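Undergrad: Please find one structure pasted underneath; my questions will follow.
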Amino acid sequence: MMLMQHLNTMDPEIKGWIEKELARQRDGLEMIPSENFTSLAVMEAMGSILTNKYSEGYPGKRYYGGNQFIDEVENLARDRAKKLFGVEHANVQPYSGSPANQAVCFALLNPGDTILGMELAQGGHLTHGYKVNFSGKYYRAVNYGVDPKTHLLDYEAIRAIAIKEKPKLIICGATAYPRQIDFAKFSAIAHEVNAYLLADISHISGLVISGVHQSPVPYADVIMTTTHKTLRGPRGAMILVPKAADRLHDVHHPDSKRNLAELIDAAIIPGLQGGPHNHQTAAIAVALKEAATPEFKKYGEQIVKNAKTLAEALTTGGLSLITGGTDNHLILANVTPLGLTGQQAQELLDSVGITMNKNMIPYDTRKPLDPSGIRLGTPALTSRGFTEKDMVKVGELITITLKNPDDSVKLDAVRKGVKELTDSHPLYPDLK
Ligand code: DSN
0 MMLMQHLNTM DPEIKGWIEK ELARQRDGLE MIPSENFTSL AVMEAMGSIL
50 TNKYSEGYPG KRYYGGNQFI DEVENLARDR AKKLFGVEHA NVQPYSGSPA
100 NQAVCFALLN PGDTILGMEL AQGGHLTHGY KVNFSGKYYR AVNYGVDPKT
150 HLLDYEAIRA IAIKEKPKLI ICGATAYPRQ IDFAKFSAIA HEVNAYLLAD
200 ISHISGLVIS GVHQSPVPYA DVIMTTTHKT LRGPRGAMIL VPKAADRLHD
250 VHHPDSKRNL AELIDAAIIP GLQGGPHNHQ TAAIAVALKE AATPEFKKYG
300 EQIVKNAKTL AEALTTGGLS LITGGTDNHL ILANVTPLGL TGQQAQELLD
350 SVGITMNKNM IPYDTRKPLD PSGIRLGTPA LTSRGFTEKD MVKVGELITI
400 TLKNPDDSVK LDAVRKGVKE LTDSHPLYPD LK
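Structure below.
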């Protein structure tokens with residue numbers, strides 16, 4: 000398949016950078032746990048003429064003409080999302096995860112209401128109540144973290160904060176938590192304090208579908224997921240409502256007559272967004288079709304098997320893992336015992352073709368731009384066919400690199416090892 004023949008004529012400069020990035024993705028070990036390699040089918044939908052069309056509104060209720068085919072696309076995406084996750088309502092229009100969380104807050108809360116989310120520095124997300132994010136500026140945000148000793152979520156401590164602070168919304172979900180999240184326990188806390196529960200499953204939605212992580216569907220009022228992480232779709236997000244007809248607890252909310260599904264839809268448009276990105280909606284629909292296959296279930300299972308094997312290999316190699324291992328797709332490691340900072344470790348690994356990100360560890364004494372940890376994961380490598388035996392090798396390459404930052408012979412051997420692994424699992428072999 001000839002890639003980008005028109006771009007070649009019109010803008011060879013941009014095409015050149017895309018080719019370089021393709022080579023980087025092919026020839027390196029991509030281990031940022033929120034990244035993945037989407038299929039060519041998803042990319043064909045994403046790069047399609049659907050980008051040309053304006054479609055403010057929802058299927059059957061648009062503000063522009065000519066939407067008869069776009070309606071079919073969006074209905075397919077919505078129906079597939081509902082079926083795959085087992086929910087009554089799906090909105091597939093959020094441009095990405097942060098706008099989607101903004102929409103959930105906009106739908107359920109009044110400015111100044113209290114929200115309770117996981118602290119960013121302990122594994123949460125900007126939109127879960129960080130002080131300079133909309134979630135911390137327009138709402139009264141309070142945070143929970145992890146236990147100082149075990150680094151696990153302490154549900155009794157979270158319950159105590161909820162009882163004291165009386166949040167109207169509790170957000171569960173994380174970007175750097177290597178263990179399972181107990182949605183049932185979060186739901187019990189939310190019920191006790193009469194709060195809504197938002198489960199942000201962006202990192203783990205592919206694992207939920209594969210049955211290797213508890214589903215939030217029986218427990219959360221609203222679920223948000225990005226579509227480009229373990230779900231392996233295009234960049235984008237969805238908001239799912241398990242019980243569409245549920246209503247707001249707050250009779251003083253200006254929209255208290257609407258049900259949750261109506262509130263979410265109204266928050267997206269006219270609340271926050273204009274025309275949906277129809278090419279993105281189509282690509283999400285394709286990804287959801289792929290995610291409904293038995294192969295995808297195996298993929299999710301393999302992500303976790305690979306992460307567990309990698310965690311063992313890194314521990315054997317002398318790395319200190321937060322919580323001692325993983326139950327999901329990601330690993331958080333403290334690199335300071337090796338005499339490195341997170342930034343140094345990230346740069347060193349980048350120099351041998353292994354991409355991951357520096358990350359704060361719980362109760363970090365260092366700063367976000369040069370923290371104590373690194374965060375790495377297996378979704379992307381699993382997409383290119385890596386299995387446990389490869390992960391043992393990957394673990395060795397990482398530990399050799401981190402323990403020998405100044406040994407050019409050893410680092411060259413690691414580069415060779417990376418090449419052998421990537422050559423044995425080609426990425427996008429059909430793209431020339
Ligand atoms: N940027 C994402 C991550 O890397 O986890 C969160 O949105």
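Under numbering that gives the first Met the number 0, the sequence shown is numbered contiguously, ending at residue 431.
Every residue gets a Cβ at the ideal spot worked out from N, C-alpha and C, and that includes glycine.
Quantities reported herein were computed from a predicted structural model and do not represent experimental measurements.
Taking the beta carbon of residue 68 as the centre, do at least 16 other beta carbons fall within 10 Å, making it buried, or is it exposed?
TA: The residue in question, residue 68, is exposed, as its Cβ has fewer than 16 Cβ neighbours within 10 Å.
Undergrad: Taking residue 78 as part of the alpha helix (DSSP H), name the residues at either end of that continuous run.
TA: 67-84 is the span of the alpha helix (DSSP H), which, as asked, contains residue 78.
Undergrad: Using DSSP with H/G/I as helix, E/B as strand and the rest coil, what is residue 221?
TA: If DSSP states are grouped into helix, strand and coil, residue 221 belongs with the strands.
Undergrad: How would you call residue 71, buried or exposed, if buried means at least 16 neighbouring beta carbons within 10 angstroms?
TA: Per the 10 Å Cβ criterion, exposed.
Undergrad: What residues in its chain sit with their C-beta under 8 Å from that of residue 371, if we drop five residues either side in the sequence?
TA: The answer, listed in chain order, is 333, 334, 335, 340, 341, 359, 360, 363, 364 and 365.
Undergrad: Go through its chain and collect everything with a Cβ distance to residue 384's Cβ below 7 Å, but skip five positions before and after it.
TA: Once the five neighbours on either side are set aside, the close Cβ partners of residue 384 are 424.
Undergrad: Take residue 389 as the anchor and find which of 301, 262 and 239 has the nearest alpha-carbon.
TA: Minimum Cα distance to residue 389 is reached at 301.
Undergrad: Using alpha carbons as the reference points, say which of 174, 410 and 414 lies closest to residue 225.
TA: The shortest C-alpha separation from residue 225 is found at 174.
Undergrad: For residue 263, which of helix, strand or coil comes out of DSSP?
TA: Helix at residue 263.
Undergrad: For the alpha helix (DSSP H) containing residue 348, name the first residue and the last one.
TA: Taken as a continuous stretch (DSSP letters only), the alpha helix (DSSP H) holding residue 348 covers 341-350.
Undergrad: Going along the chain, which residues of its own chain have a beta-carbon closer than 8 Å to the beta-carbon of residue 164, five neighbours each way excluded?
TA: The residues are 113, 115 and 141.
Undergrad: Between the C-alpha atoms of residue 143 and residue 188, what's the straight-line distance to the nearest angstrom?
TA: About 13 Å.
Undergrad: Can you list the beta strand (DSSP E) stretches of 3 or more residues lying completely in the region 308-337, in chain order?
TA: Taking only runs of at least 3 residues, the beta strand (DSSP E) segments lying wholly in the region 308-337 are 329-333.
Undergrad: Given this structure, state the Cα-to-Cα distance separating residue 79 from residue 288, to the nearest angstrom.
TA: Their backbone Cα atoms lie some 7 Å apart in a straight line.
Undergrad: Whole angstroms is fine: what's the gap from residue 395's alpha carbon to residue 318's?
TA: Roughly 11 Å separates the two Cα atoms.
Undergrad: Verify whether the separation of the beta carbon atoms of residue 123 and residue 229 is less than 8 Å.
TA: Result no, Cβ atoms of residue 123 and residue 229 do not sit closer than 8 Å.
Undergrad: Counting only runs that start and end within the region 81-169, where is the beta strand (DSSP E) found for 3 or more residues in a row?
TA: For the region 81-169, whole beta strand (DSSP E) runs of length 3 or above, ordered along the chain, are 88-90, 113-117 and 139-143.
Undergrad: Taking only runs of the beta strand (DSSP E) that begin and end inside the region 345-416, which ones reach a length of at least 3 residues, in chain order?
TA: Counting only runs of 3 or more, we get 356-358 and 372-376.
Undergrad: How many Å lie between residue 15 and residue 8 at the Cα?
TA: Roughly 11 Å separates the two Cα atoms.
Undergrad: Under 8 Å: do the region 89-100 and the region 270-287 share three or more Cβ pairs, one atom per stretch?
TA: Yes, the region 89-100 is in contact with the region 270-287.
Undergrad: Could you spell out where the beta strand (DSSP E) holding residue 198 opens and where it closes?
TA: Run containing residue 198: 195-199, per the beta strand (DSSP E) assignment.
Undergrad: Given 8 Å as the limit, is there contact between the region 267-280 and the region 51-63, that is, 3 or more CB pairs closer than that?
TA: The region 267-280 is in contact with the region 51-63.
Undergrad: Looking only at C-alpha atoms, which of 417, 104 and 256 sits nearest to residue 349?
TA: For residue 349, the nearest C-alpha among the options comes from 417.
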